[in-house]
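Reminder that position 52 of the sequence shown reads as 52 in the working numbering, one-by-one numbering, no gaps. Encoded as structure tokens, the structure appears first; notes follow it.
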Amino acid sequence: AAESGSALMSTASVNPKPSKEHRQWVKLVKKWQAHFWLLDWVFKIDTVDGRDTEDGDTAGKTTSQPAYKQATVTQFSDITRKMTPEDLDKTACHEVAHVFWAELSIFIDQLIDQIPEAARPLAKRVNEEIFEKTTTRLTQVMVRMEQLAKSSKAKVP
Numbered sequence: 001a002a003e004s005g006s007a008l009m010s011t012a013s014v015n016p017k018p019s020k021e022h023r024q025w026v027k028l029v030k031k032w033q034a035h036f037w038l039l040d041w042v043f044k045i046d047t048v049d050g051r052d053t054e055d056g057d058t059a060g061k062t063t064s065q066p067a068y069k070q071a072t073v074t075q076f077s078d079i080t081r082k083m084t085p086e087d088l089d090k091t092a093c094h095e096v097a098h099v100f101w102a103e104l105s106i107f108i109d110q111l112i113d114q115i116p117e118a119a120r121p122l123a124k125r126v127n128e129e130i131f132e133k134t135t136t137r138l139t140q141v142m143v144r145m146e147q148l149a150k151s152s153k154a155k156v157p
């Protein structure tokens, strides 16, 4: 059994030693897991070199099972290896923010399932757009708060 707040490290290929980019991804995801107060969740943290066509040009993907407090956070290294360290950090924050919203997202999905069937596709699309925009905004807030905290610590002896 995994310990509370643990991060399970894995890679897409069988690799006895995780790559430097994977180790950095794990470090960033674990940092944001703590910042979002999700230490009671078990995170599986993956790095894959390719992605399904449905993922387009995204840098990361998150799946969650709130009932079990489990999440998988994946970086697509063919995209992330081209990023600055700051952008990789924002990507990790964004993916963990999706976990933060997971319970609310499932609740809204259940509500959408109760509306007339003809209205569901529009409701689902709008819901996805709102959650993505809100997650992006939350990411901006969290990253900025971390920057402010670091700058204020630098001024205090």
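Even glycine gets a Cβ: it sits at the ideal position worked out from N, Cα and C.
Check your understanding: How about Asp46 and Thr72: are their beta carbons less than 8 angstroms apart?
Key -> By 1-based counting over the sequence shown, the position of residue 46 is 46. By 1-based counting over the sequence shown, the position of residue 72 is 72. Against a cut-off of 8 angstroms, the Cβ pair of Thr72 and Asp46 comes out as a contact.
Check your understanding: Between the stretch 124-139 and the stretch 84-104, are three or more C-beta pairs nearer than 8 angstroms?
Key -> yes
**Study point:** Inter-stretch contact at 8 angstroms, needing at least 3 Cβ pairs: the stretch 58-73 / the stretch 108-124
**Key:** no
Check your understanding: Cα-Cα, which of Thr91, Gln114, Pro18, Ser151 is closest to Lys31?
Key -> Counting from one through the sequence shown, the residue named residue 31 turns up at place 31. Cα-wise, what sits closest to Lys31 is Thr91.
Point to revise | Straight-line Cα distance separating Ile115 from Leu38 | key: Here residue 38 refers to the residue found at position 38 of the sequence shown. Here residue 115 refers to the residue found at position 115 of the sequence shown. Their backbone Cα atoms lie some 32 angstroms apart in a straight line.
Exercise for review: For Ala2, count neighbouring C-beta atoms within 10 Å of its own C-beta (all shown protein chains included) and say buried if the count is 16 or more, exposed if not.
Suggested key: Here residue 2 is taken as the residue at index 2 of the sequence shown, counted from 1. Residue placement at Ala2 is poorly supported in this model, since its pLDDT is 35, which falls under 50; the coordinates still yield a value, given next. With fewer than 16 other Cβ atoms within 10 Å, it is exposed.
Point to revise | Close beta carbons around Ile79, own chain, < 6 angstroms, minus the five adjacent residues each side | key: Your numbering for residue 79 matches position 79 in the sequence shown. The answer, listed in chain order, is Ala59.
Check your understanding: So which of Trp41, Arg23, Lys150, Arg125 has the shortest CA-CA distance to Ala67?
Key -> As a first step, residue 67 is located in the sequence shown; it is residue number 67 there, counting from the start. Of Trp41, Arg23, Lys150, Arg125, the residue nearest in Cα terms is Trp41.
Check your understanding: Can you list, in chain order, the residues of its chain whose CB lies under 7 angstroms from that of Leu28, leaving out five sequence neighbours each side?
Key -> Within the sequence shown, the letter at position 28 stands for residue 28. Taken in chain order, the residues that qualify are Leu88, Asp89, Ala92.
Exercise for review: Could you tell me if Phe165 is buried or exposed, where buried requires 16 or more neighbouring beta carbons within 10 angstroms of its beta carbon?
Suggested key: Since the displayed the chain opens at 1 and closes at 157, residue 165 lies outside it and no answer follows.
Check your understanding: Where do the ends of the alpha helix (DSSP H) carrying Lys90 lie?
Key -> Against the sequence shown, residue 90 aligns to sequence position 90. Residues 85-100.
Check your understanding: What's the C-alpha gap between Arg81 and Glu117?
Key -> Position 81 of the sequence shown holds residue 81. Position 117 of the sequence shown holds residue 117. Their backbone Cα atoms lie some 42 angstroms apart in a straight line.
Check your understanding: Cα separation between Thr84 and Glu103?
Key -> Counting from 1 along the sequence shown, the entry for residue 84 is found at position 84. Counting from 1 along the sequence shown, the entry for residue 103 is found at position 103. If I take the Cα positions, the gap works out to 31 angstroms.
**Study point:** Check whether Trp101 and Thr74 have beta carbons under 8 angstroms apart
**Key:** Residue mapping note: residue 101 aligns to position 101 of the sequence shown, counting from 1. Residue mapping note: residue 74 aligns to position 74 of the sequence shown, counting from 1. For Trp101 and Thr74, no; Cβs fall outside 8 angstroms.
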